[in-house]
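Trainee: Please read through the structure below; I'll follow up with questions.
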Amino acid sequence: MEIFRPEDVPAEEPESMPGVKIRWVIDQKRGAQNFAMRIFEVAPGAVTPLHDHWYEQEMYLLEGEGVMVGDQGEKRLAPGVVMWVPPYERHQVKNTGDRPLKFICCVPQKKP
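Going by the numbering used here, the sequence shown opens with residue 1, and the numbers climb by one from there.
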């Protein structure tokens, strides 16, 4: 068992996502074999890429305000909402607020 704060994990800042930090708080490095848990921090005005993938994605918004963009348009995000994206559905998160938008994102680590 491990108990730690997300801030104890170094953040990655992908070149393809300016203004976005990702902390892989639970993954194979910690011994998790099935799922990874990440904490995203999206700066004001920043966005994640519009993308899709073979797996479903579960997210929970911790802080900030923004919108989830998809083929059906934009849906407002506020702290405490849950976002679920089915496989192959295009999606993107935009920070429309004036402070960082933070969310938990869980994904599988391997195809079944």
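Even glycine gets a Cβ: it sits at the ideal position worked out from N, Cα and C.
Assess, as a yes-or-no matter, whether the region 70-79 is touched by the region 28-37 under the definition of 3 or more beta carbon pairs within less than 8 Å.
Mentor: The answer is no - the region 70-79 does not touch the region 28-37, with fewer than three Cβ pairs under 8 Å.
Trainee: Count the other CB atoms, across all protein chains shown, that sit within 10 Å of the CB of I26; report buried if there are 16 or more and exposed otherwise.
Mentor: The residue in question, I26, is buried, as its Cβ has 16 or more Cβ neighbours within 10 Å.
Trainee: How big is the Cα-Cα spacing for E65 and Y55?
Mentor: In a straight line, the C-alpha of E65 is about 25 Å away from that of Y55.
Trainee: What is the residue span of the beta strand (DSSP E) that K21 lies within?
Mentor: Segment V20 to I26, the beta strand (DSSP E) holding K21.
Trainee: Just mark L50 as buried or exposed, buried being the case when its beta carbon has 16 or more other beta carbons within 10 Å.
Mentor: The residue is exposed, with fewer than 16 neighbouring Cβ atoms inside 10 Å.
Trainee: Check the DSSP bridge columns for M68 and list the partner residues they point to.
Mentor: According to DSSP, which records beta bridges pairwise, M68 is partnered with K75 and V93.
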